[in-house]
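Protein chains: 2
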Amino acid sequence: MSLATMSSPHFVFGSHHPEVLKTLLNQEGFRITQQRHKILEVLNAAAEGDHLSAEDIHQKLLDQGEKIGVSTIYRTLHLLVDLGLLRELALSEERKFYELSNPMTVAHHHLICSHCGSVQEFEDAAIVSLGQDEALRQGFSLLDCQFTVYGICEQCS
Amino acid sequence: MSLATMSSPHFVFGSHHPEVLKTLLNQEGFRITQQRHKILEVLNAAAEGDHLSAEDIHQKLLDQGEKIGVSTIYRTLHLLVDLGLLRELALSEERKFYELSNPMTVAHHHLICSHCGSVQEFEDAAIVSLGQDEALRQGFSLLDCQFTVYGICEQCS
DNA sequence: AAACTTGTTGACAATGGTTTTCGCTATGGT
DNA sequence: ACCATAGCGAAAACCATTGTCAACAAGTTT
Ligand SMILES: [Mn+2]
Ligand SMILES: [Mn+2]
Ligand SMILES: [Zn+2]
Ligand SMILES: [Zn+2]
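The listed protein sequences derive, respectively, from chains X and C.
Note that this note's numbering has the first sequence beginning at 529, numbered continuously upward.
Note that this note's numbering has the second sequence beginning at 529, numbered continuously upward.
Below is the structure:
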């Protein structure tokens, strides 16, 4: 999957083109729907460092006049995670968050204030290779590495 | 907190003695209750590598004849996390899991099969120091580092 | 030891994110 | 154009977690 995506001429840093989605869906026997496009569009449009919940995405679509049900949001998010287009983040909050998963970028990590909930992103190439090593050692095929650091931020101290 | 715990003569590897709980509770003005003892006891009794949910703990206590309400389980788990005695794990599951947080041990990390949900633990001292560095760099005081690797295990492939 | 103060408990209701249901719709193939 | 069926969405169900509040008990004062 990620190899096909990476070598696709349509693939562009930081966003997922409609063609990529089409290719992935077709090759798994899924259908290409307006809803799936719209949802991925919202994720594409999000600013770097944004983490969107299912409800965030639903609300954004309603705001821009789209009619879409919550079930579709949840179903599609799971699908896009399975296809490797999205990363699902369990940041110890009460809900899950989603962001684009870009195979060409070094996966980034999160520093979270346990008091105010603010999230800082940072990159570290070493982390991913440690995860790869461990996956290999245990006979796992790697899907995602998430390094999450919890602390108290400067303002909250 | 962790410094006091570490230097306490009552502290023992791999488990938390009642005295430690007493000291921590007293110094914050909390009370020492039967329920808090029982809950920590369950965590102490858990096998290495076990991750218990609030309901797991509640059920274990009911099974051994203790009467205890769910609210108390949740309240106490939060308290023990705040006191630094427990680690709360957000493993992308639908619920949270808890394990002893042992300041003298190198914090361990988790390799999870996204298909069957099995969890493998592994240790890596480098990870924690990367987290410490990043926390320092951003002016955070460090609470916990969680490195979680997702993949597909051998049986599930 | 009894009285007192107040943190804590637990039954129960409420919350809120996510999933399920199922009749309807739209996609992709013939 | 027609068909088979994957996908949609409104509503209900689900379920982990939190809130409420009267009764209780831990620790302190007399
Ligand atoms: Mn991020
Ligand atoms: Mn563990
Ligand atoms: Zn903060
Ligand atoms: Zn597996």
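Even for Gly, the Cβ is constructed at its ideal location relative to N, Cα and C.
As DSSP reads the structure, His545 of chain C sits in no beta bridge. Residue state for Gly659 of chain C is assigned as helix, using DSSP reduced to three classes. Going by C-alpha positions, Gln562 of chain X is about 11 angstroms away from Lys595 of chain X.
Of the residues X:Gln555, X:Cys644, X:Glu547 and X:Asn554, the one whose Cα lies closest to the Cα of Leu568 of chain X is X:Glu547.
Between His638 of chain C and Leu619 of chain C, the beta carbon gap of about 7 angstroms places them in contact (Cβ cut-off 8 angstroms). Between Tyr678 of chain C and chain X, the shortest Cβ-Cβ separation is below 8 angstroms. Only exposed fits Glu576 of chain C, as fewer than 16 other CB atoms lie within 10 angstroms of its CB.
Collapsing the DSSP output to three states places Gln587 of chain X in a helix. Counting along the chain, Glu627 of chain X sits inside no alpha helix (DSSP H); it lies in the beta strand (DSSP E) bounded by residues Phe625 to Leu628. Annotated three-state conformation of Ser646 of chain X is coil, per DSSP.
For Leu607 of chain C, there is no enclosing beta strand (DSSP E); the enclosing alpha helix (DSSP H) covers residues Val598 to Asp610. Against chain X, the beta carbon of Ala663 of chain C has neighbours under 8 angstroms at Leu639, Val677 and Gly679, listed in chain order. Contact between the region 602 to 610 of chain C and the region 647 to 663 of chain C is absent: fewer than 3 CB-CB pairs across the two stretches fall below 8 angstroms. Taken atom to atom, the span from the alpha-carbon of Ala635 of chain X to that of Leu571 of chain C is near 34 angstroms. Between ligand 1 and the CB of His606 of chain C, the shortest heavy atom gap is not smaller than 7 angstroms. By the neighbour-count criterion, in which a residue is buried when 16 or more other Cβ atoms sit within 10 angstroms of its Cβ, Leu590 of chain C is exposed. Chain-order list of chain C residues neighbouring Gly645 of chain X: empty, with the shortest C-beta distance near 13 angstroms, by a criterion of under 9 angstroms. Using a CB distance cut-off of 8 angstroms, Phe625 of chain C does not count as an interface residue toward chain X. Below the 7 angstroms Cβ cutoff, chain C contributes Ser620 as neighbours of Glu616 of chain X, in chain order.
The closest CA to that of Tyr626 of chain C, considering only C:Thr551, C:Val598, C:Ile585 and C:Ile560, is found on C:Ile585. Ligand 2 has no heavy atom closer than 7 angstroms to the beta-carbon of His586 of chain C. With a cut-off of 7 angstroms, the C-beta of Gly577 of chain X is classified as near ligand 1, since at least one heavy atom of the ligand falls inside that distance. Gln563 of chain X carries a helical assignment under DSSP once its states are collapsed to helix, strand and coil. Apart from sequence neighbours up to five positions away, the residues of its chain that approach Cys644 of chain C with a beta-carbon distance below 6 angstroms are Cys684, ordered along the chain. When only Cα atoms are considered, Glu583 of chain X and Gly593 of chain X end up about 15 angstroms apart. Interface flag for Ala654 of chain C against chain X is set, since a Cβ pair is found closer than 8 angstroms. Residue environment analysis places His606 of chain X among the exposed positions, since fewer than 16 neighbouring C-beta atoms fall within 10 angstroms of its C-beta.
At a cut-off of 8 angstroms between beta-carbon atoms, Glu682 of chain X makes contact with chain C. Only those residues of the region 551 to 571 of chain C whose C-beta falls short of 7 angstroms from the nearest C-beta of chain X would be listed, and there are none.
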